[in-house]
Amino acid sequence: MRLLAVGIALLGALAPAAALAHPEDDGSGRFVEIVVDLADRSDGWLSVTAMFHELDRRDLAFRQLGTDKEITFSDVTFEGVSGPIAATRDGSLWNLANVPADGPITLKWRVKPGGIGRHGHQGWVQGDWASFDGRILLLPTTRRSLRTAKIRIERPDGWSVVHPYVEKDGWMVLHDHNHLKSVLTATCVAVGDYDIRSEQIGETDFRVGAPRAWDAAWRDTLFEKSFAEMRWFHDTLGYDRHGPFAIAWLPEAEGGKVFGGASVNGACYEHPRETPRNWLLLGHRIGHPMNKYAPSGMTLRDDRDHWFMEGWASYIEIVAAAKSGALPDERHWNTLWRRHLREIAKHPEHDVALADELQHTGAFEYLHYTKGPMVVRHLDLLMRQRSGTDLEAFMKAMWAKYGFHRNVFPLREEIEAFTGDDYDDFWAVFVDRPGTPFPTWPEMVDPQLEARMNDAAAAYVGDVPVHPELLFWLAWSGRFERFAEIEQFVIEGVHAQQMLASRELHLLPATVEPLQFALPGEAQAAVLETAMAWDLDALPRQRSGCWSSPDPARPAIRYTDSADGKVFTQLLELERAYEAKLGEIVARVDIKVPNTPTRNAARLGVSPGEPLVLHAFWNAAPPRAGFELWAGGQQVHTKQLTIDPSWVNTHVGFEVGDRPGDASILVFKVGPDTVPAVERPIWQRQAPFARGPGPQRPSGEREDDDEVEGEVPSEAGD
889 MRLLAVGIAL LGALAPAAAL AHPEDDGSGR FVEIVVDLAD RSDGWLSVTA
939 MFHELDRRDL AFRQLGTDKE ITFSDVTFEG VSGPIAATRD GSLWNLANVP
989 ADGPITLKWR VKPGGIGRHG HQGWVQGDWA SFDGRILLLP TTRRSLRTAK
1039 IRIERPDGWS VVHPYVEKDG WMVLHDHNHL KSVLTATCVA VGDYDIRSEQ
1089 IGETDFRVGA PRAWDAAWRD TLFEKSFAEM RWFHDTLGYD RHGPFAIAWL
1139 PEAEGGKVFG GASVNGACYE HPRETPRNWL LLGHRIGHPM NKYAPSGMTL
1189 RDDRDHWFME GWASYIEIVA AAKSGALPDE RHWNTLWRRH LREIAKHPEH
1239 DVALADELQH TGAFEYLHYT KGPMVVRHLD LLMRQRSGTD LEAFMKAMWA
1289 KYGFHRNVFP LREEIEAFTG DDYDDFWAVF VDRPGTPFPT WPEMVDPQLE
1339 ARMNDAAAAY VGDVPVHPEL LFWLAWSGRF ERFAEIEQFV IEGVHAQQML
1389 ASRELHLLPA TVEPLQFALP GEAQAAVLET AMAWDLDALP RQRSGCWSSP
1439 DPARPAIRYT DSADGKVFTQ LLELERAYEA KLGEIVARVD IKVPNTPTRN
1489 AARLGVSPGE PLVLHAFWNA APPRAGFELW AGGQQVHTKQ LTIDPSWVNT
1539 HVGFEVGDRP GDASILVFKV GPDTVPAVER PIWQRQAPFA RGPGPQRPSG
1589 EREDDDEVEG EVPSEAGD
């Protein structure tokens, strides 16, 4: 469990194998000595020599660990005590023609890390520094072929190595009889003119390295915050690696970011300037050795809980960075929320049950790093409300019990045992079914949101105000076919949330719940939808043993005299008139927005900047049809189209310039020629933010452009 090492001398210059000191406390002769030569570093290449001692005679193949895209291998040779050994390459395997009965086998090869993969360049080598992990190695394919690795690092004068190995007699030594290959493969090092400091935290020798060329004050900040995060894991969660753990902060390479590797022993990331994301990555890389990596992690028992490994690591990175002082607060939750909005808008198919995560590999990134941590945070909130404890106390107890893979970890059973409460309702609503997470963090509350509390309500359900953005987002979302369905959704959602609150279950924390009215529309909708999904009869009884008993009747809705209240009232009236006229000629009229991931969903709401396509479904197609667009009681655009008798659907495009941007209600009149058979209303309202309903991006924050390019379809039919 330590880091890879780098050496300037080839193993061929070492003494014969018989004269080498045999590793102590090994119990087996199977070991490897590795030397990495940086002589060609200016060209980005390393030369590696590995001498394998007393291999299993079944070791007739060696595997390349890094992919060709990320790490390039060249000039691979094999040699025994009697001379060269013939080998043939088959993909990532080198197959040996024979293995000598006695003596070590020596491999030599050249390797160039630094290809682009996850997190940027996969390692990097240049004239004044290098970083890489064990994927630069070739190792035998048989599972039990190695017990010990000795790694030599020889470097130019003044250079040092940031590593998590135990040093002995000029070698860095790794003993791990069960996990040596996996640990050796993932362990990273950094080599160069490094300032290296260490702190003993419990039984963990925590080492941090930063280039001396960096400003001294910045290096001090890196050391201080790195040590603080590790201390937080130890003091709060009881985590102790029981051995060296190293973090190497790297310069940037050509094209930006560098990922030098990550394992149970530490990680290597670029960090030449303050980058909040890297403090989160540090927490993630300390979290995984606790909850996942061998040998110090845990093994979840059930596949349905597999999502929790990445979900918890992505949750704890935010908590640890904030509570250790590496970051001032947990506002990164807002970044996850914005990421969620973009992802589900582009890929609605990624909204799947977390329990089914293993069946949806295409959604891994979203489930692991966006939805998962938000659901874990809600679990923490529910534990605090229901049981007076929290997720950190729970995981501390679990690591003490299941850490170092002592036994399989039954997550759901242990939560019930630890808290003394039943959480079947949480699993059913948040994990075992698809559904949208929503903000449960105080950082969602900012001056902008607080100012929105002064907005005029469009309606009241009982005494609960309904923000116009909630109504508009529901119309804009494409999830409803009728304005009356939106009305019913809001009534039932408010009622369900009140019933939960009467049973002492609050979906939002006390810091956010009073401001629910002002939350972004999708967040409000997700809260109401989640409340409706809850089975009230499945709620565990609180310690009081009884419930309060609110009126079980659904509260009525009343619309206000505000502009949006009047608009929604009129939309309901127009919808009833539209539905009364459907039948003889027109079966249905849908309004859709082309060239978006939800282009096939009919919309009840649009923003002024969205082009529209009207879809008319005919019961009896007329020879010629008229399509009129009205706003403010006046016709603003009209189109006529000859209809083929075989058509059942006609679609007609309306550009943004075909309608006024300040109109609140648009009415599409459709019928034979210019005689309207039906009048279909739609709500036009300025989306609160540039990308549609959702939280605004903080000033100066960059995000990828998610707009989908395309053309508005011309008039046609089928």
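Residue numbers (the working numbering): 889 to 1606.
We put the CB at the ideal spot given by N, CA and C, even for glycine.
| message | Determine whether the beta carbon atoms of Gln1010 and Pro1001 lie at a separation below 9 Å. | response | The count along the sequence shown starts at 1 and reaches residue 1010 at position 122. The count along the sequence shown starts at 1 and reaches residue 1001 at position 113. If you check the CB distance, Gln1010 and Pro1001 come in under 9 Å.
| task | Could you check what DSSP says for Tyr1053 in three-state terms: helix, strand or coil? | result | The sequence position of residue 1053 within the sequence shown is 165, counting from 1. The DSSP-derived three-state label of Tyr1053 is coil.
| message | In this structure, how does DSSP classify Met1351 when only helix, strand and coil are distinguished? | response | The residue given as residue 1351 occupies position 463 in the sequence shown. For clarity, residue 1351 is Asp in the given sequence; the question names Met instead. If DSSP states are grouped into helix, strand and coil, Asp1351 belongs with coil.
| Between which two residues does the alpha helix (DSSP H) carrying Pro1569 extend? | Start at 1 with the first residue of the sequence shown, and residue 1569 comes out as number 681. For Pro1569, no alpha helix (DSSP H) segment is defined; the enclosing uninterrupted segment is the beta strand (DSSP E) at 1566 to 1572.
| message | Give me, in chain order, the residues of the same chain whose beta-carbon lies closer than 7 Å to that of Ala1116; leave out the 5 immediate sequence neighbours on both sides. | response | Translated into positions along the sequence shown, residue 1116 becomes position 228. Here the set comprises Ser1212, Gly1213, Ala1214.
| query | Is it buried or exposed for His1235, if we count other Cβ within 10 angstroms and need 16 for buried? | reply | On the sequence shown, residue 1235 is found 347 positions in, with the first residue counted as 1. With fewer than 16 other beta carbons inside 10 angstroms of its own, His1235 counts as exposed.
| query | Who are the near neighbours of Arg1321 in its chain, counting only those whose CB is closer than 6 Å to its CB and skipping five residues on each side? | reply | Against the sequence shown, residue 1321 aligns to sequence position 433. Non-local beta-carbon contacts of Arg1321 in its own chain, meaning distances under 6 Å to residues more than five positions away in sequence, involve Ala1241 in chain order.
| field | Collapsed DSSP secondary structure at Gln1385 in the structure displayed | value | Reading the sequence shown from its first residue, position 497 is the one you call residue 1385. If DSSP states are grouped into helix, strand and coil, Gln1385 belongs with the helices.
| request: Look up Pro1325 in the DSSP assignment and say whether it is helix, strand or coil. | output: For the purposes of this step, residue 1325 is identified with residue 437 of the sequence shown, where counting begins at 1. In the displayed model, Pro1325 falls within coil according to three-state DSSP, outside both helix and strand.
| field | Pro1063 vs Val1054 beta-carbon contact at 9 Å | value | Within the sequence shown, numbered from 1, the residue matching residue 1063 stands at position 175. Within the sequence shown, numbered from 1, the residue matching residue 1054 stands at position 166. The residue asked about is misnamed: residue 1063 is His in this sequence, not Pro. With respect to Val1054, His1063 sits close: the two C-beta atoms are nearer than 9 Å.
| Those residues which DSSP pairs with Val1013 across a bridge | What you label residue 1013 is simply residue 125 of the sequence shown in a count that begins at 1. In the DSSP output, where bridge partners are listed per residue, Val1013 has Ala1018.
| For Val999, which three-state DSSP category applies? | Within the sequence shown, the letter at position 111 stands for residue 999. It is a strand residue.
| task | Under 6 Å Cβ to Cβ from Ile1089, same chain only, skipping five residues before and after it: list those, please. | result | Walking along the sequence shown from the start, residue 1089 turns up at place 201. Taking Ile1089 as the centre and dropping the five residues before and after it, the same chain places the C-beta of Met1118, Arg1119, His1122 closer than 6 Å to its C-beta, in chain order.
| query | Apart from the five residues on each side of it in sequence, which residues of its chain come closer than 8 Å, Cβ to Cβ, to Gly1175? | reply | Looking up residue 1175 in the sequence shown gives position 287. Taking Gly1175 as the centre and dropping the five residues before and after it, the same chain places the C-beta of Phe1121, Trp1200, Ala1201, Ile1204, Glu1205, Ala1208 closer than 8 Å to its C-beta, in chain order.
| query | In terms of residues, what are the limits of the beta strand (DSSP E) holding His1194? | reply | Against the sequence shown, residue 1194 aligns to sequence position 306. Careful: His1194 lies outside any beta strand (DSSP E) and carries neither H nor E.
| What's the call for Arg1464, buried or exposed, on a 16-neighbour Cβ count within 10 Å? | On the sequence shown, position 576 is the one that residue 1464 refers to. Burial call: exposed.
| message | Starting from Ser935, trace the beta strand (DSSP E) in both directions and tell me its first and last residue. | response | Translated into the one-based positions of the sequence shown, residue 935 becomes position 47. Counting along the chain, the beta strand (DSSP E) containing Ser935 begins and ends at 934 to 941.
| What is the DSSP secondary structure of Phe1368, counted as helix, strand or coil? | Position 480 of the sequence shown, counted from the first residue, corresponds to residue 1368. The answer is coil: DSSP assigns Phe1368 none of H, G, I, E or B.
| Backbone CA spacing between Ala1419 and Asp1343 [nearest angstrom] | The residue labelled residue 1419 in the question sits at position 531 within the sequence shown. The residue labelled residue 1343 in the question sits at position 455 within the sequence shown. The alpha-carbon atoms of Ala1419 and Asp1343 are separated by roughly 24 Å.
| query | Which residue comes first and which comes last in the beta strand (DSSP E) that contains Gln1523? | reply | Looking up residue 1523 in the sequence shown gives position 635. It spans 1522 to 1530 - the beta strand (DSSP E) in which Gln1523 sits, taken as one unbroken run.
| query | If you compare alpha carbons, which of Gly1260, Ile1473, Glu1543 is closest to Leu1500? | reply | The residue labelled residue 1500 in the question sits at position 612 within the sequence shown. Here the closest residue by C-alpha is Glu1543.
| query | Do you know offhand how far Thr1324's Cα is from Met1283's? | reply | As a first step, residue 1324 is located in the sequence shown; it is residue number 436 there, counting from the start. As a first step, residue 1283 is located in the sequence shown; it is residue number 395 there, counting from the start. Taking the straight line from one Cα to the other gives about 25 Å.
| field | Terminal residues of the alpha helix (DSSP H) in which Glu1463 lies | value | In the sequence shown, residue 1463 corresponds to position 575, counting from 1. Per DSSP, Glu1463 belongs to the alpha helix (DSSP H) from 1451 to 1469.
| Nearest neighbour of Thr1526, chosen from Pro1533, Ala1513, Arg1573, Gln1458 [CA to CA] | Indexing the sequence shown from 1 puts residue 1526 at position 638. Distance check between Thr1526 and each of Pro1533, Ala1513, Arg1573, Gln1458 places Ala1513 closest, using alpha-carbon atoms only.
| Does the region 1490 to 1506 touch the region 1463 to 1480, meaning 3 or more C-beta pairs lie closer than 8 Å? | The region 1463 to 1480 vs the region 1490 to 1506: in contact.
| query | When you compare only the Cα positions, how much space is there between Val1264 and Arg1568? | reply | Against the sequence shown, residue 1264 aligns to sequence position 376. Against the sequence shown, residue 1568 aligns to sequence position 680. One C-alpha to the other measures close to 43 Å.
| For Glu1302, three-class secondary structure by DSSP | Taking the sequence shown and counting its residues from 1, the one referred to as residue 1302 is at position 414. Glu1302 falls in the helix class under three-state DSSP.
| task | Hey, could you find the ends of the beta strand (DSSP E) Asp990 is sitting in? | result | Looking up residue 990 in the sequence shown gives position 102. Unbroken run through Asp990: none, as it is neither H nor E.
| Pro1028 - containing beta strand (DSSP E), residue span | Translated into the one-based positions of the sequence shown, residue 1028 becomes position 140. Its beta strand (DSSP E) spans residues 1026 to 1028.
| field | Cβ neighbours of Arg1100 in the same chain (closer than 7 Å, five flanking residues each side left out) | value | Taking the sequence shown and counting its residues from 1, the one referred to as residue 1100 is at position 212. So the qualifying residues of the chain are Asp1081, Tyr1082, Asp1083.
| task | May I have the straight-line CA-CA distance separating Leu1460 from Gln1574, to the nearest angstrom? | result | Mapped onto the sequence shown, residue 1460 falls at position 572. Mapped onto the sequence shown, residue 1574 falls at position 686. If I take the Cα positions, the gap works out to 20 Å.
| task | In angstroms with no decimal places, state the Cα-to-Cα distance between Gln1523 and Ala1339. | result | Counted from its first residue, the sequence shown places residue 1523 at position 635. Counted from its first residue, the sequence shown places residue 1339 at position 451. In this model, Gln1523 and Ala1339 are separated by some 37 Å (Cα to Cα).
| query | Do Pro1298 and Arg1189 come within 9 Å of each other at the CB atom, strictly closer than that value? | reply | For the purposes of this step, residue 1189 is taken as residue 301 along the sequence shown, with counting starting at 1. For the purposes of this step, residue 1298 is taken as residue 410 along the sequence shown, with counting starting at 1. Closer than 9 Å, so yes.
| task | Can you say whether Arg1272 is buried or exposed, counting buried as having 16 or more other CB atoms within 10 angstroms of its CB? | result | In the sequence shown, the residue the question calls residue 1272 occupies position 384. With fewer than 16 other Cβ atoms within 10 Å, it is exposed.
| task | Please name the residue in Phe1368, Pro972, Pro1408, Phe1456 whose C-alpha comes closest to that of Glu1357. | result | Residue 1357 sits at position 469 when you count from the first residue of the sequence shown. Taking the Cα of Glu1357 as reference, the smallest distance to any Cα among Phe1368, Pro972, Pro1408, Phe1456 is reached at Pro1408.
| field | Alpha carbon of Phe1405 to alpha carbon of His1355, nearest angstrom | value | Stepping through the sequence shown from its first residue, residue 1405 is reached at position 517. Stepping through the sequence shown from its first residue, residue 1355 is reached at position 467. So the alpha carbons of these two residues sit roughly 6 Å apart.
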